[in-house]
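The block underneath contains the structure these notes are about, expressed in structure tokens.
2 protein chains.
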Amino acid sequence: MSLYVHKYGGTSVGDTDRIKNVAERVHKARQRGEDVVVVVSAMSGETNKLVALAHAVQERPDPREMDVLLSTGEQVTIALLAMALQARGCPAVSYTGWQVKILSDASHTKARIEDIQTADIRADLAAGRVVVVAGFQGVTEEGDITTLGRGGSDTTAVALAAVLEADECLIYTDVDGVYTTDPRVEPRARKLDRITFEEMLEMASLGSKVLQIRSVEFAGKYNVPLRVVSSFQEGSGTLISYEEAGVEKALISGIAFNRDEAKLTIQGVPDRPGIASKILGPIAAANIEVDMIVQNVAEDQTTDFTFTVNRGEYKKAMEILERISKELGARNIKGDDKIVKVSIVGVGMRSHAGIASKMFDSLAKEGVNIRMISTSEIKISVVVDEKYLELAVRTLHEAFDLEQGD
Amino acid sequence: MSLYVHKYGGTSVGDTDRIKNVAERVHKARQRGEDVVVVVSAMSGETNKLVALAHAVQERPDPREMDVLLSTGEQVTIALLAMALQARGCPAVSYTGWQVKILSDASHTKARIEDIQTADIRADLAAGRVVVVAGFQGVTEEGDITTLGRGGSDTTAVALAAVLEADECLIYTDVDGVYTTDPRVEPRARKLDRITFEEMLEMASLGSKVLQIRSVEFAGKYNVPLRVVSSFQEGSGTLISYEEAGVEKALISGIAFNRDEAKLTIQGVPDRPGIASKILGPIAAANIEVDMIVQNVAEDQTTDFTFTVNRGEYKKAMEILERISKELGARNIKGDDKIVKVSIVGVGMRSHAGIASKMFDSLAKEGVNIRMISTSEIKISVVVDEKYLELAVRTLHEAFDLEQGD
Numbered sequence: 001m002s003l004y005v006h007k008y009g010g011t012s013v014g015d016t017d018r019i020k021n022v023a024e025r026v027h028k029a030r031q032r033g034e035d036v037v038v039v040v041s042a043m044s045g046e047t048n049k050l051v052a053l054a055h056a057v058q059e060r061p062d063p064r065e066m067d068v069l070l071s072t073g074e075q076v077t078i079a080l081l082a083m084a085l086q087a088r089g090c091p092a093v094s095y096t097g098w099q100v101k102i103l104s105d106a107s108h109t110k111a112r113i114e115d116i117q118t119a120d121i122r123a124d125l126a127a128g129r130v131v132v133v134a135g136f137q138g139v140t141e142e143g144d145i146t147t148l149g150r151g152g153s154d155t156t157a158v159a160l161a162a163v164l165e166a167d168e169c170l171i172y173t174d175v176d177g178v179y180t181t182d183p184r185v186e187p188r189a190r191k192l193d194r195i196t197f198e199e200m201l202e203m204a205s206l207g208s209k210v211l212q213i214r215s216v217e218f219a220g221k222y223n224v225p226l227r228v229v230s231s232f233q234e235g236s237g238t239l240i241s242y243e244e245a246g247v248e249k250a251l252i253s254g255i256a257f258n259r260d261e262a263k264l265t266i267q268g269v270p271d272r273p274g275i276a277s278k279i280l281g282p283i284a285a286a287n288i289e290v291d292m293i294v295q296n297v298a299e300d301q302t303t304d305f306t307f308t309v310n311r312g313e314y315k316k317a318m319e320i321l322e323r324i325s326k327e328l329g330a331r332n333i334k335g336d337d338k339i340v341k342v343s344i345v346g347v348g349m350r351s352h353a354g355i356a357s358k359m360f361d362s363l364a365k366e367g368v369n370i371r372m373i374s375t376s377e378i379k380i381s382v383v384v385d386e387k388y389l390e391l392a393v394r395t396l397h398e399a400f401d402l403e404q405g406d
Numbered sequence: 001m002s003l004y005v006h007k008y009g010g011t012s013v014g015d016t017d018r019i020k021n022v023a024e025r026v027h028k029a030r031q032r033g034e035d036v037v038v039v040v041s042a043m044s045g046e047t048n049k050l051v052a053l054a055h056a057v058q059e060r061p062d063p064r065e066m067d068v069l070l071s072t073g074e075q076v077t078i079a080l081l082a083m084a085l086q087a088r089g090c091p092a093v094s095y096t097g098w099q100v101k102i103l104s105d106a107s108h109t110k111a112r113i114e115d116i117q118t119a120d121i122r123a124d125l126a127a128g129r130v131v132v133v134a135g136f137q138g139v140t141e142e143g144d145i146t147t148l149g150r151g152g153s154d155t156t157a158v159a160l161a162a163v164l165e166a167d168e169c170l171i172y173t174d175v176d177g178v179y180t181t182d183p184r185v186e187p188r189a190r191k192l193d194r195i196t197f198e199e200m201l202e203m204a205s206l207g208s209k210v211l212q213i214r215s216v217e218f219a220g221k222y223n224v225p226l227r228v229v230s231s232f233q234e235g236s237g238t239l240i241s242y243e244e245a246g247v248e249k250a251l252i253s254g255i256a257f258n259r260d261e262a263k264l265t266i267q268g269v270p271d272r273p274g275i276a277s278k279i280l281g282p283i284a285a286a287n288i289e290v291d292m293i294v295q296n297v298a299e300d301q302t303t304d305f306t307f308t309v310n311r312g313e314y315k316k317a318m319e320i321l322e323r324i325s326k327e328l329g330a331r332n333i334k335g336d337d338k339i340v341k342v343s344i345v346g347v348g349m350r351s352h353a354g355i356a357s358k359m360f361d362s363l364a365k366e367g368v369n370i371r372m373i374s375t376s377e378i379k380i381s382v383v384v385d386e387k388y389l390e391l392a393v394r395t396l397h398e399a400f401d402l403e404q405g406d
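Spelled out as structure tokens, the structure:
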């Protein structure tokens with residue numbers, strides 16, 4: 001018998017009518033003869049409400065207690081969805097994270113799943129029940145409630161699909177699939193039927209918000225076919241899986257971008273070994289995540305060192321850099337928080353030369369000045385001024401024929 | 001070291017300011033050197049909100065799922081209270097019912113506590129932490145969440161006080177103690193400093209809403225001194241314990257009343273053995289609880305049989321009685337749903353004669369017609385027309401000198 005794990009996010013279960021809608025969808029799958037495990041998030045808005053309550057009583061809420069608090073959000077949804085299924089005559093049973101149990105480490109608010117017990121779920125499936133599991137939450141060996149951090153419900157769904165060896169893990173969301181780029185920026189953006197895990201990882205990490213990185217990593221690691229589908233309309237969505245041999249792949253699958261970037265440069269630093277860690281060490285120590293890093297050696301034996309950070313941490317990073325620059329005897333520091341990153345992603349790059357030059361050429365023709373470049377095996381990222389974002393995305397979308405389809 | 005169990009109901013933790021207020025109170029107790037276990041209910045309004053959600057998706061919600069849903073209410077409160085304590089520098093840790101664990105039977109929505117594990121709580125207390133426990137909830141041997149039904153948080157508090165052998169179980173509420181009668185009916189009602197378990201039981205079962213019957217029974221059974229105190233003002237409240245030898249007790253401790261009564265009479269039934277069960281059997285089978293029962297045998301070998309039920313079940317009971325009356329060949333049935341029950345309660349009755357006649361006399365003097373009488377060892381109840389309720393309560397309050405104090 002085929003087994004599918006469905007995951008419905010906060011918007012898809014945002015009120016009781018939407019929960020009934022989910023129940024209807026799950027019930028239909030059961031009627032088609034599929035076994036279904038459903039993973040749900042908290043109703044949209046609930047988590048924010050709980051966070052606000054916590055901050056009203058403690059400035060920096062204790063992580064253990066935060067998890068006790070937040071995990072109630074999904075617990076409400078599982079009960080309501082199980083009821084909605086039963087109301088349709090579809091046998092169902094709910095499970096919290098600890099009831100499953102989804103064993104995690106003790107890193108409260110960002111725990112990692114270590115093990116999942118499946119005997120009870122298998123028994124319920126065998127008895128013809130839909131199993132409704134609370135996403136986002138786990139339990140430690142000691143019995144403390146944990147939560148898995150952002151996108152945790154996706155992670156729960158993928159992990160369950162992996163241990164249960166499900167045929168597919170369906171991520172129901174408010175978009176109908178993964179697009180070549182954000183349709184709000186390029187209206188000709190096209191829904192992809194398929195994309196590989198690696199491409200999706202690059203798309204996700206480069207700012208595409210459809211799926212959380214951790215869940216894609218997880219799915220790739222355990223080879224769980226992921227499908228992004230809409231909870232509000234019919235359609236086959238986008239399947240995320242490994243590259244199939246013999247399937248002709250497009251050179252480029254999509255264009256990702258990230259508006260939340262800022263760039264910092266320290267100029268004229270004496271070019272000595274260990275200089276990079278002297279600069280980035282204090283930045284990392286302040287918990288600031290660094291994205292792109294570029295270093296050029298000048299002729300006078302000094303070096304210019306540039307890196308990007310999340311725009312929200314620009315000021316903090318700049319302050320640290322000012323301090324470091326004096327210690328290192330740098331000539332100058334400068335920064336820019338009006339920049340964005342635009343990337344083309346595609347496994348086809350591996351076997352085709354000339355992708356990079358085509359990218360740079362087409363941007364140059366439109367007068368888009370490239371400020372930084374960074375490449376990996378299946379993506380090329382450029383940093384450009386914020387004002388060029390839309391132009392750059394549309395130019396690349398057309399240059400690589402993305403509206404045409406496979 | 002002295003150990004106190006505090007219990008705060010929904011109104012006392014109704015918003016984050018009130019939760020901070022509770023934290024303040026608990027912290028003060030810690031500073032006095034007391035060990036404290038706190039039991040909390042859901043924030044007021046939350047349970048109703050959850051019930052409404054459930055009814056929006058399933059007409060008769062599945063009891064197991066209802067418990068999963070409802071138990072989130074207290075889980076929110078324990079996390080917030082633990083945070084509020086920590087914010088004051090007072091170490092604290094929260095426990096859900098299953099974390100404690102409070103083992104119950106599987107009667108969802110009205111489970112009974114079977115066992116409580118105390119090792120973890122004792123360890124936390126020994127480490128100087130305040131232990132915050134979710135009231136109202138338990139877990140079955142199989143790991144299903146249960147709830148304890150109405151007044152369940154009181155039951156949790158008393159049960160914890162019993163197994164932990166606490167010095168006292170303090171029930172914090174929105175009133176400052178137990179009164180001789182409802183001050184809204186008799187403004188001269190006086191707060192009692194002490195009352196016995198038996199008296200409190202009668203007061204509770206007769207309609208005084210301060211404490212739930214089950215928790216008083218439980219406290220009596222395990223000899224846990226209970227104290228009803230206000231969460232909003234200072235004061236020593238009312239202590240509920242066993243009668244102390246040598247302490248002179250007032251004849252009457254209080255006057256309870258119940259507005260939700262209705263009375264049904266079946267007249268002219270042939271007086272045969274087993275007639276009572278023939279009448280009450282079908283009533284019980286319909287899950288209608290019968291309160292007072294009075295039977296008079298007439299001269300013609302027929303009998304009149306009168307009983308009272310909750311006013312909400314009057315119509316249903318009347319329909320059953322109509323059916324039975326034909327089967328039994330009764331002469332007539334009649335009913336009245338405009339009646340109330342007024343009771344005087346006191347352990348002093350045991351050793352004093354003449355209480356009943358004093359009660360009946362004083363009511364008669366005011367023209368209050370008594371429709372039914374029922375007595376137990378420590379209470380006398382009369383049924384009177386609804387319109388006489390206030391007059392009857394005030395008359396008895398004065399007749400037994402209740403405003404005077406012990």
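Heads up: the protein sequence lines correspond to chains A and G, in order. Heads up: the first sequence begins at 1 in this note's numbering, then just goes up one per residue. Heads up: the second sequence begins at 1 in this note's numbering, then just goes up one per residue. Glycine is no exception: its CB is placed at the ideal position from the N, C-alpha and C atoms. The structure displayed is predicted, hence computed values, not measured ones.
Excluding the 5 residues flanking it on each side, Val-175/A has same chain C-beta neighbours closer than 8 Å at Val-210, Val-228 and Ser-230, in chain order.
Sequence-distant Cβ neighbours of Thr-308/A in its own chain, meaning closer than 6 Å and more than five residues away, are Glu-261, Lys-263, Asp-291 and Met-292.
By the rule that beta-carbons nearer than 8 Å mark a contact, Gly-348/G does not touch chain A.
Leaving aside the five residues that flank Glu-398/G on each side, none in its chain has a CB nearer than 6 Å to its CB. Residue Glu-377/G holds the alpha-carbon nearest to the alpha-carbon of His-352/G among Ile-370/G, Gly-329/G, Arg-331/G and Glu-377/G. Minimum Cα-Cα distance from Lys-316/A among the listed residues Glu-202/A, Val-347/A, Gly-220/A and Ala-284/A corresponds to Ala-284/A. Around the C-beta of Asn-369/G, fewer than 16 other C-beta atoms lie within 10 Å, and the residue is accordingly described as exposed.
Within 10 angstroms of the beta-carbon of Tyr-172/A lie 16 or more other beta-carbons, which makes it buried.
Contact residues of the stretch 39-63 of chain G toward chain A are Leu-50, Leu-53, Ala-54, Ala-56, Val-57, Gln-58, Glu-59, Pro-61 and Asp-62 (C-beta to C-beta distance below 8 Å). The stretch 105-116 of chain A makes contact with the stretch 136-151 of chain A; the number of CB pairs closer than 8 Å reaches 3 or more. Residue state for His-6/A is assigned as strand, using DSSP reduced to three classes. Flagged as an interface residue toward chain A: Lys-20/G, by a C-beta distance shorter than 8 Å. Glu-65/G has a beta carbon lying within less than 8 Å of a beta carbon in chain A.
From the beta-carbon of Met-292/A, no residue of chain G is found nearer than 7 Å; the closest lies around 39 Å away. Val-26/G is outside the set of residues whose beta carbon lies under 8 Å from a beta carbon in chain A. Secondary structure at Met-292/A: strand, using DSSP grouped into helix, strand and coil. For Gln-117/A, no chain G residue has a C-beta closer than 8 Å to its own C-beta; the minimum C-beta separation is roughly 11 Å. Taking 8 Å as the threshold, the shortest C-beta distance from Ala-111/A to chain G does not fall below it. Ranking Leu-125/A, Leu-103/A and Ala-127/A by CA distance to the CA of Gln-117/A puts Leu-103/A first.
Annotated three-state conformation of Phe-197/G is helix, per DSSP. The continuous beta strand (DSSP E) containing Ala-256/A extends over residues 254-270. Using beta-carbon distances, Gln-137/A does not count as an interface residue toward chain G, since no partner is under 8 Å. For Val-68/G, the nearest beta carbon of chain A is closer than 8 Å to its own beta carbon. Taking 8 Å as the cut-off, the beta carbon of Leu-192/G is found closer than this to the beta carbon of Gly-177/G. Asp-120/A and Asp-167/A have their C-alpha atoms some 19 Å from each other. Relative to Glu-46/A, the option among Lys-20/A, Glu-74/A and Ala-87/A whose CA is nearest is Glu-74/A.
Per DSSP, the continuous beta strand (DSSP E) segment holding Leu-103/A begins and ends at 102-104. As DSSP reads the structure, Asp-304/A sits in a beta bridge with Asn-296/A. For Met-349/G, the closest C-alpha among the options Val-294/G, Gly-254/G and Val-384/G is that of Gly-254/G. If you draw a straight line from the Cα of Arg-18/G to the Cα of Gln-233/G, it comes to about 12 Å. The alpha carbon of Asp-15/G has as its nearest neighbour, out of Val-57/A, Val-39/A and Lys-7/A, the alpha carbon of Val-57/A. If the five residues before and after Glu-24/A are omitted, its C-beta is found closer than 8 Å to the C-beta atoms of Arg-88, all from its own chain and listed in chain order.
For the pair Ala-134/G and Gly-97/G, the CB atoms are nearer than the 8 Å cut-off.
When the alpha-carbon of Arg-259/G is set against those of Tyr-242/G, Leu-280/G and Arg-311/G, the nearest one is in Arg-311/G.
The alpha helix (DSSP H) runs of length 4 or more contained entirely in the stretch 10-70 of chain A are, from start to end of the chain, 16-31 and 46-57. Around the beta carbon of Ala-286/G, fewer than 16 other beta carbons lie within 10 angstroms, which makes this residue exposed.
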